[in-house]
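What follows is a short report on a single structure.
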Amino acid sequence: MFKMYPQWYPARQSIRLDPKGKSLKDEDVLQHLPVGTTATFYFRDLGAQISWVTVFLTEYAGPLLIYLMFYFRVPFIYVPKYDFTTSKHWVVHLACMCHSFHYVKRLLETLFVHRFSHGTMPLRNIFKNCTYYWGFAAWMAYYINHPLYTPPTYGEQQIRLALTVFLFCQIGNFSIHIALRNLRPPGSKTRKIPYPTKNPFTWIFLLVSCPNYTYELGSWLGFTLMTQCLPVAAFTLVGFIQMTVWAKGKHRSYLKEFRDYPTLRSPILPFIL
Amino acid sequence: MPSSLKARTSGTTELLYESFLSRWLVIAVGLVRAYLARGSYHGLYYSIEKPLKYFQTGALLEILHCAVGIVPSSVVLTGFQVMSRVFLTWAVTHSVREVQSEDSVLLFVVAWTVTEIIRYSFYTFSLLNHLPYLIKWARYTFFFVLYPMGVAGELLTIYAALPYVQKTGLYSITLPNNYNFSFDYHTFLILVMISYIPLFPQLYFHMIRQRKKVLGHVEEYSKVE
Numbered sequence: 000m001f002k003m004y005p006q007w008y009p010a011r012q013s014i015r016l017d018p019k020g021k022s023l024k025d026e027d028v029l030q031h032l033p034v035g036t037t038a039t040f041y042f043r044d045l046g047a048q049i050s051w052v053t054v055f056l057t058e059y060a061g062p063l064l065i066y067l068m069f070y071f072r073v074p075f076i077y078v079p080k081y082d083f084t085t086s087k088h089w090v091v092h093l094a095c096m097c098h099s100f101h102y103v104k105r106l107l108e109t110l111f112v113h114r115f116s117h118g119t120m121p122l123r124n125i126f127k128n129c130t131y132y133w134g135f136a137a138w139m140a141y142y143i144n145h146p147l148y149t150p151p152t153y154g155e156q157q158i159r160l161a162l163t164v165f166l167f168c169q170i171g172n173f174s175i176h177i178a179l180r181n182l183r184p185p186g187s188k189t190r191k192i193p194y195p196t197k198n199p200f201t202w203i204f205l206l207v208s209c210p211n212y213t214y215e216l217g218s219w220l221g222f223t224l225m226t227q228c229l230p231v232a233a234f235t236l237v238g239f240i241q242m243t244v245w246a247k248g249k250h251r252s253y254l255k256e257f258r259d260y261p262t263l264r265s266p267i268l269p270f271i272l
Numbered sequence: 000m001p002s003s004l005k006a007r008t009s010g011t012t013e014l015l016y017e018s019f020l021s022r023w024l025v026i027a028v029g030l031v032r033a034y035l036a037r038g039s040y041h042g043l044y045y046s047i048e049k050p051l052k053y054f055q056t057g058a059l060l061e062i063l064h065c066a067v068g069i070v071p072s073s074v075v076l077t078g079f080q081v082m083s084r085v086f087l088t089w090a091v092t093h094s095v096r097e098v099q100s101e102d103s104v105l106l107f108v109v110a111w112t113v114t115e116i117i118r119y120s121f122y123t124f125s126l127l128n129h130l131p132y133l134i135k136w137a138r139y140t141f142f143f144v145l146y147p148m149g150v151a152g153e154l155l156t157i158y159a160a161l162p163y164v165q166k167t168g169l170y171s172i173t174l175p176n177n178y179n180f181s182f183d184y185h186t187f188l189i190l191v192m193i194s195y196i197p198l199f200p201q202l203y204f205h206m207i208r209q210r211k212k213v214l215g216h217v218e219e220y221s222k223v224e
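Residue numbers (numbering that gives the first Met the number 0), protein chains in the order written: chain A, 0 to 272; chain B, 0 to 224.
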């Protein structure tokens, strides 16, 4: 196909037996398909594609750099007399470290940990995703690093609790990513039910299908508590809604694919959601 | 939407639309009477202020109707239009006293009134399966003038409100505060005005396309209704 029509590179092709049916997978073998002596295939152009890795790297590098621009109070953001000054509140420095750590972790996971099922996604996604991540990062960073920033009401107690929650959930999230990676041998696209391992942070699999999202929510709740900043709360809420949608979808696929899927598990919040 | 549910609700919906229709007629009549009484069109806003607020806010129900399927319009477009009207009515005209005597308010009130009278007549008659061609024609033709008229009135009103909003800091939050958040209503209103640039042409061309579909169709057969 690609040889006849070079503009439709393989990642862009969707081939199916029925125009309204699901696409065939790369691994499907012609002999095993339910066709007679002649087979009719339907082709669909999925549009310009871009690799998942590229999208993830771009959408995560943005917030990392943008936040730092606000942290260092680069000119044209705040009133000129504050250019290149630093905040007098130590929580602002802590927040910068946490935010940066979070996105560095995500970048490294993208490069070394995650095993993606699909190679590519539609090109327009990169614009949509980057607008979301970069936009919110700028909005949050503006207020946290603002000269008129107000530290949390309950001071050191609140910040300490928030940091504990944040770190706990970062480790948890990483543990889940590693556990999910180990489910899948390198280069394969098999799907298996994830189970708790020796790592206590994975024991949450007993109650939840997508604990990576659970921990992610926890991390951002921690960050919201740490900074006591409304835009951060908004970002946490929007992220939570999106992750819940994804978690419910994943939970449903698990249930469909595996007859013996544990019944105690909820998609994202134990017993609740 | 299941046809059984549609059958049961359509009687109530018709009544609802007739009541909406009559209310907009009330506004129209109110406007005409006040105009005749005063001899000028200044300050007419006050004569229809309350009904306008109630009916425009009641139009929020419309979004529900679209979502449930009683009305074949798109939820997004209808929701957007209702939201923008509720915004103009409450967040601009009601909130900023000084613009209430502006001519631009009258401009959009008249545009909305005429539009809604035609629209509710259209829906009511459609539900009764007895739609006069004139109403259908009016619904898909008058908008050519009414849309720009309404938009002009709305934009001019928002523009008139700007200096007062800036002076009083209406609906605005400044730093520093405990939630580390700020909101400038003045800037927000400017952004709203700018948003008309991409949005209004889309709605306008959508109606033009609908017109071709609905009215162009009838020319092929002889008038049935």
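Even for Gly, the Cβ is constructed at its ideal location relative to N, Cα and C.
Separation of residue j from residue i, as counted between CA atoms
i, j, result
"A:SER99", "A:TYR59", "10 Å"
"B:VAL231", "B:ALA66", "The requested residue 231 of chain B is not part of the displayed model; chain B covers only 0 to 224."
"A:PRO195", "A:THR201", "5 Å"
"A:ASN237", "B:THR114", "For clarity, residue 237 of chain A is Val in the given sequence; the question names Asn instead. If I take the Cα positions, the gap works out to 37 Å."
"A:ARG15", "A:GLN6", "19 Å"
"B:SER221", "B:LEU133", "Its pLDDT being 47, under 50, B:SER221 is placed unreliably by the model, and the measurement read from it follows with that caveat. Near 14 Å, if we compare the C-alpha coordinates of B:LEU133 and B:SER221."
"A:LEU216", "B:SER194", "33 Å"
"B:ILE47", "B:GLU101", "14 Å"
"A:VAL54", "A:GLY134", "16 Å"
"B:LEU87", "B:PHE180", "25 Å"
"A:ARG43", "A:HIS31", "22 Å"
"A:PRO151", "A:MET139", "15 Å"
"B:LYS135", "B:ILE189", "36 Å"
"A:TYR141", "A:PHE69", "6 Å"
"B:VAL81", "B:VAL75", "10 Å"
"B:GLU224", "B:LEU130", "At B:GLU224, the pLDDT of 47 sits below 50, so the modelled position is not reliable; the number obtained from the coordinates is stated separately. Roughly 6 Å between the two C-alpha positions."
"A:ILE271", "A:ILE203", "14 Å"
"A:HIS250", "A:SER265", "8 Å"
"A:LEU282", "A:LYS127", "Outside the modelled stretch of chain A, which goes from 0 to 272, sits residue 282 of chain A, for which no answer is possible."
"B:HIS205", "A:HIS113", "44 Å"
"B:VAL85", "A:ARG72", "40 Å"
"A:ILE65", "A:ALA137", "6 Å"
"A:PHE173", "A:LYS104", "8 Å"
Start-to-end residues for the alpha helix (DSSP H) that takes in residue i
i, result
"B:ASP102", "102 to 126"
"A:GLN227", "First-last for A:GLN227: undefined, no H or E at that position."
"A:SER99", "89 to 111"
"B:PRO147", "142 to 167"
"B:VAL95", "It is not in any alpha helix (DSSP H) - B:VAL95 carries neither H nor E in the DSSP assignment."
"A:CYS209", "Neither: A:CYS209 is in no alpha helix (DSSP H) and is coded neither H nor E."
"B:ALA66", "59 to 67"
Where residue i falls: helix, strand or coil (DSSP)
i, result
"B:ARG22", "helix"
"A:MET120", "strand"
"A:TYR153", "coil"
"A:ARG43", "strand"
"B:SER181", "coil"
"A:VAL28", "coil"
"A:SER265", "strand"
"B:ILE47", "helix"
"B:ILE172", "strand"
"B:SER83", "helix"
"A:LEU182", "coil"
"B:TRP136", "helix"
"A:TRP7", "coil"
"B:ARG208", "helix"
"A:ASN172", "helix"
"A:LYS305", "Nothing can be reported for residue 305 of chain A: it is not among the residues displayed for chain A, which extend from 0 to 272."
"B:VAL213", "helix"
"A:SER218", "helix"
"B:GLN99", "coil"
"A:THR57", "helix"
"A:LYS19", "coil"
Supposed contact pair residue j and residue i - C-beta distance, whole angstroms, cut 8 Å
i, j, result
"B:GLY149", "B:ALA110", "4 Å"
"A:GLN156", "A:HIS101", "Their Cβ separation, rounded to whole angstroms, is 23 Å, which puts A:GLN156 and A:HIS101 out of contact at 8 Å."
"B:THR156", "B:VAL104", "6 Å"
"A:LEU206", "A:VAL164", "18 Å between Cβ atoms; not a contact."
"B:THR106", "B:ALA151", "First, the residue type needs correcting, since residue 106 of chain B is Leu and not Thr in the sequence shown. With a Cβ gap of about 6 Å, B:LEU106 and B:ALA151 count as contacting."
Opening and closing residue of the beta strand (DSSP E) in which residue i lies
i, result
"A:SER13", "12 to 15"
"A:ILE49", "48 to 50"
| query | In the stretch 167 to 198 of chain B, which residues sit with their C-beta less than 7 Å from some C-beta in chain A, listed in chain order? | reply | Residues of the stretch 167 to 198 of chain B with a C-beta less than 7 Å from any C-beta of chain A: LEU174, PRO175, ASN176, ASN177, TYR178, ASN179 and PHE180, listed in chain order.
| task | Can you give me, in chain order, the residues of the stretch 134 to 161 of chain A that have a beta carbon less than 8 Å from any beta carbon in chain B? | result | Of all residues in the stretch 134 to 161 of chain A, those with a C-beta nearer than 8 Å to a C-beta of chain B are TYR142, ILE143, HIS145, LEU147, TYR148, THR149 and THR152, reading in chain order.
| query | Which of the residues in the stretch 93 to 107 of chain A, read from start to end, lie with their CB under 7 Å from any CB of chain B? | reply | Flagged: no residues at all.
| message | To be precise: take each residue of the stretch 197 to 231 of chain A, compare its Cβ to all Cβ atoms of chain B, and keep it if any distance is under 9 Å. Which residues remain? | response | Within the stretch 197 to 231 of chain A, the qualifying residues are THR226, GLN227, CYS228, LEU229, PRO230 and VAL231.
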